[in-house]
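First to last, the sequence lines map onto chains X and H.
Residues 1 to 233 in this note's numbering are what the first sequence spells out, letter by letter.
Residues 1001 to 1233 in this note's numbering are what the second sequence spells out, letter by letter.
2 protein chains.
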Amino acid sequence: MAPQTPPPRRTPLNRDRVLHAAVALADRSGHEALSMRGLAQDLGVVPMALYKHVANKEQLLDGMVDVIVGEIEPPAAGAHWKNAVRGRILSARRALLRHPWASRVMESRPAPTPGVLGYLDSVIGAFRAGGLSADLTHHAMHALGSRVWGFTQDLFPAPPDDADAGEPAGLPGEMAARYPHIASIAAIAASRPHDGDSVVGGGCDDQFEFEFALDLLLDGIERLHRQGWTSAG
Amino acid sequence: MAPQTPPPRRTPLNRDRVLHAAVALADRSGHEALSMRGLAQDLGVVPMALYKHVANKEQLLDGMVDVIVGEIEPPAAGAHWKNAVRGRILSARRALLRHPWASRVMESRPAPTPGVLGYLDSVIGAFRAGGLSADLTHHAMHALGSRVWGFTQDLFPAPPDDADAGEPAGLPGEMAARYPHIASIAAIAASRPHDGDSVVGGGCDDQFEFEFALDLLLDGIERLHRQGWTSAG
DNA sequence: CCGCATGGGTGTACGGCGTACACCTCTGCC
DNA sequence: GGCAGAGGTGTACGCCGTACACCCATGCGG
């Protein structure tokens, strides 16, 4: 008989396959469920095999961050600096919305990865190309903070879908009594046409909020730029 | 002889002692080092004893958050809304600077604690007392984001103190070549009189950056308020 | 054609974590 | 005097990241 063909010999692992499998796993199960053991299982491999391709879990997370940063679209050529920055940031936001775990992972990195540095460099470049001083650009970057990569800390994190739908509108009654000012705001948000459930997490148009704040900052920066502002006073 | 006095019988645990010991431990060793086992050891008790006072680690962290929120000073009476909000937020920032781990823990909470809700309610109240509409206040709160409790995500997290001091100024040369725009900004920051080390993390006056961004937002909000802005357009 | 180095996958094991569960021992009250 | 319940204990389980020794297929120099 023919010499038995050896078992099909799965294509060998490499850093890229590991990284993308990790992203897929996190997409599927959230970043809390991402463990070296689980990832290995997904790849049909023993946990320690991963360590031939990433030094440790921290470096795995760094790599995953750069995968996501790589999804950010390149800058639009020839746009006004404000639109260039705006477009870049909104693209970053789209990438992060595709991977809800990514913002938490980015926050957790103790040092910026090369991909992150490259992205930041390009955003800074967009400011500078618009004629903003290094000084103002520097402060603008700080002011944008995590917003440059498309996310902000939610004040009221999204509750799970089992939110008690029995309430008439706005906050549960007891809470409305204890936190009257929050309630006054919840009432507004809950009265909007779409998704009028509890404002605590739901009920807010996140995209609107994001762009509102982004434009507030960019407009403020533009104003300072036009009046020749300097941090020296 | 006298009836042997029983061993001094340490004062019994309670939720408050547990919480404050946890805060102290995190202050001392960082929040990554905070474990139920370590905390128990600090309290001279076996790990499982803690579970008589907090349901689990998540609830311990919630409790710690409220301890920190409790350190925020009460609002100044009779101030203009902008100063009231500003003062509240800067006080929150001082609390968080005293407990460097606290911002990361706050970010990690999946639902707001009662203390946090109370604090947010009071900030919203300050806006409303100044005559801002519920609508505008709502968007203002979102725009402030994590800044309301006194922190922002650093773009360049602070590096450990072993930063290579051999570099002349600004970024290490290789990095300056790869990220020219970052370098242009680093040069500015590094040229300031005090702490002129690498701008990546060090070299920035965090308090200035924080107030710069805070005022940018508050000024923008004030402008919108004065011109009767509404999200409806 | 042999032998050996090397890169990639394996197996076992360790020390840490959060915490379920059964237990024991004081305390105060009827 | 006895009993309930609060508070502290001990043991054990199942996860985690990862160190370390191993093993085996490959390909290359002789």
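Virtual Cβ for every residue (Gly too), placed ideally from N, Cα, C.
No experiment lies behind these values; they were computed from the predicted model shown.
{"Item": "Out of H:Ser1184, H:Leu1144, H:Ile1188, which one is the CA nearest neighbour of Glu211 of chain X?", "Value": "H:Leu1144"}
{"Item": "Name, please, each residue of chain H whose Cβ falls closer than 7 Å to the Cβ of Pro157 of chain X.", "Value": "Pro1110, Ala1111"}
{"Item": "Mapping the DSSP letters down to three states, classify Ile72 of chain X as helix, strand or coil.", "Value": "coil"}
{"Item": "Shortest alpha-carbon distance to Leu1060 of chain H belongs to which of H:Trp1081, H:Pro1075, H:Arg1037, H:Glu1071?", "Value": "H:Arg1037"}
{"Item": "Please state whether the Cβ-Cβ distance between Thr113 of chain X and Asp66 of chain X is less than 8 Å.", "Value": "yes"}
{"Item": "Where do the ends of the alpha helix (DSSP H) carrying Phe210 of chain X lie?", "Value": "206-226"}
{"Item": "Kindly list the residues whose CB is nearer than 7 Å to the CB of Asp1135 of chain H, restricted to its own chain and excluding five residues on each side of it in sequence; keep chain order.", "Value": "Thr1230, Ser1231"}
{"Item": "Could you work out which residue in H:Leu1034, H:Ser1035, H:Leu1043, H:Ser1029 is closest to Val1018 of chain H when comparing CA atoms only?", "Value": "H:Leu1043"}
{"Item": "Of all the options X:Pro75, X:Ser35, X:Gln41, which has the alpha carbon lying nearest to the alpha carbon of Glu58 of chain X?", "Value": "X:Ser35"}
{"Item": "Can you check which of these residues, H:Met1048, H:Ser1122, H:Ala1040, H:Arg1109, is closest to Thr1077 of chain H by C-alpha distance?", "Value": "The amino acid occupying residue 1077 of chain H in the given sequence is Ala; Thr does not appear at that position. The residue with the shortest Cα to Cα distance from Ala1077 of chain H is H:Ser1122."}
{"Item": "Can you list, in chain order, the residues of the region 66-89 of chain X whose Cβ is nearer than 8 Å to any Cβ on chain H?", "Value": "none"}
{"Item": "Starting from His1031 of chain H, find everything on chain X with Cβ-Cβ shorter than 8 Å and list it in chain order.", "Value": "By Cβ distance, chain X contributes nothing, its closest Cβ being about 12 Å from His1031 of chain H, past 8 Å."}
{"Item": "Check whether chain X comes within 8 Å of Tyr1051 of chain H, counting only Cβ atoms and requiring the distance to be less than that.", "Value": "no"}
{"Item": "Just mark His31 of chain X as buried or exposed, buried being the case when its beta carbon has 16 or more other beta carbons within 10 Å.", "Value": "buried"}
{"Item": "Can you give me the C-alpha to C-alpha distance between Pro74 of chain X and Ala126 of chain X, rounded to a whole angstrom?", "Value": "12 Å"}
{"Item": "Express the C-alpha separation of Pro1157 of chain H and Glu1167 of chain H in angstroms, rounding to a whole number.", "Value": "For Glu1167 of chain H, the predicted model reports a pLDDT of 47, less than 50, meaning its position is unreliable; a value from the coordinates is still stated below. Near 19 Å, if we compare the C-alpha coordinates of Pro1157 of chain H and Glu1167 of chain H."}
{"Item": "Quick check: the region 45-53 of chain X against the region 87-106 of chain X, are at least 3 beta-carbon pairs closer than 8 Å?", "Value": "no"}
{"Item": "Over what stretch of residues does the alpha helix (DSSP H) that includes Asp1016 of chain H continue unbroken?", "Value": "1015-1029"}
{"Item": "Val1123 of chain H by DSSP, collapsed to three states: which one?", "Value": "helix"}
{"Item": "Output needed for Asp309 of chain X: all residues of its chain with C-beta closer than 7 Å, excluding positions within five of it in sequence on either side, in chain order.", "Value": "The structure shown does not extend to residue 309 of chain X, since chain X spans only 1 to 233, so no value can be given for it."}
{"Item": "Near Ser108 of chain X, what residues of its chain come up, given a Cβ to Cβ distance below 8 Å and the 5 sequence neighbours on each side ignored?", "Value": "Leu61"}
{"Item": "At 7 Å on the CB atoms, spell out the chain X contacts of Asp1219 of chain H, in chain order.", "Value": "Gly220"}
{"Item": "Can you tell me where the alpha helix (DSSP H) with Arg1094 of chain H in it begins and where it stops?", "Value": "1081-1098"}
{"Item": "Under the three-state reduction of DSSP, which class applies to Gly1173 of chain H: helix, strand or coil?", "Value": "helix"}
{"Item": "Starting from Ser1184 of chain H, trace the alpha helix (DSSP H) both ways and give me its first and last residue.", "Value": "1180-1190"}
{"Item": "Counting only Cβ pairs nearer than 7 Å, list the residues of chain H close to Thr137 of chain X.", "Value": "Ile1185"}
{"Item": "Helix, strand or coil: which one does DSSP assign to His1138 of chain H?", "Value": "helix"}
{"Item": "My understanding is that Leu1132 of chain H touches His1020 of chain H, with C-beta atoms under 8 Å, so please give their C-beta distance in whole angstroms.", "Value": "Their Cβ separation, rounded to whole angstroms, is 37 Å, which puts Leu1132 of chain H and His1020 of chain H out of contact at 8 Å."}
{"Item": "Taking the alpha carbon of Ile72 of chain X as the point to measure from, which residue in X:Ala33, X:Ala187, X:Trp81, X:Gly115 has its own alpha carbon closest?", "Value": "X:Gly115"}
{"Item": "Find the residues of chain H that neighbour Val148 of chain X, judging by a C-beta separation of less than 8 Å, and give them in chain order.", "Value": "Leu1155"}
{"Item": "Any beta carbon from chain H within less than 8 Å of Tyr119 of chain X's own beta carbon?", "Value": "no"}
{"Item": "Got a sec: is the Cβ-Cβ distance from Glu209 of chain X to anything in chain H below 8 Å?", "Value": "yes"}
{"Item": "Nearest to Ala183 of chain X by alpha carbon, out of H:Gly1220, H:Ile1124, H:Leu1216?", "Value": "H:Ile1124"}
{"Item": "State the Cα-Cα distance for the pair Ala1177 of chain H and Gly130 of chain X, rounded to the nearest angstrom.", "Value": "21 Å"}
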